[in-house]
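Residue numbers (my numbering): 47 to 156. Cβ coordinates follow ideal geometry from the N, Cα and C atoms, glycine included. Since the model is a prediction, treat every value here as computed from it, not as a measurement. Taking it in order: structure first as structure tokens, then the write-up.
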DNA sequence: GTGTTGACCCCAA
DNA sequence: TTTGGGGCCAACA
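Right, dumping it as structure tokens:
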């Protein structure tokens, strides 16, 4: 059993399911996959997800406060915010506005 | 093989 | 309100 690779795939699949104009959190994804407590792994997985062939919208994943913690890992520091605003999400000072409303909970929606 | 780091989260003071 | 400490586990040096 190769659970590590499987976990990454599950993360990618779940993130792909996030609707346009919505965002989710690392913790929610981790918990949804039964890895509650290991939220860092989701972030680590995202770092490896920069590959365009994976087609993973990592910009829709933020930390629990709605802060764009991963923006510095993009090619440009503003790319993540640009992508979010293009989808109708307001981002001010790396902070998602109306985060509670924009939040997409996989545990509830699925 | 060991030690440190990190796109995180939770709780206490 | 802001800080600090613990936990979690893969990736990296």
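Bridge partner(s) assigned by DSSP for residue i
i: residue 138; result: 141
i: residue 69; result: 149
Presumed contact (8 Å Cβ cut-off) between residue i and residue j, rounded CB distance
i: residue 88; j: residue 76; result: 5 Å
i: residue 95; j: residue 58; result: 6 Å
i: residue 141; j: residue 116; result: So it is not a contact: roughly 14 Å between Cβ atoms.
Residue i (DSSP reduced to helix, strand or coil)
i: residue 64; result: coil
i: residue 78; result: helix
i: residue 85; result: helix
What residue ranges within the region 88-148 form continuous beta strand (DSSP E) runs of no fewer than 3 residues, ordered along the chain? none
Is it true that the region 115-126 meets the region 144-153, where meeting means three or more beta-carbon pairs spaced less than 8 Å apart? no
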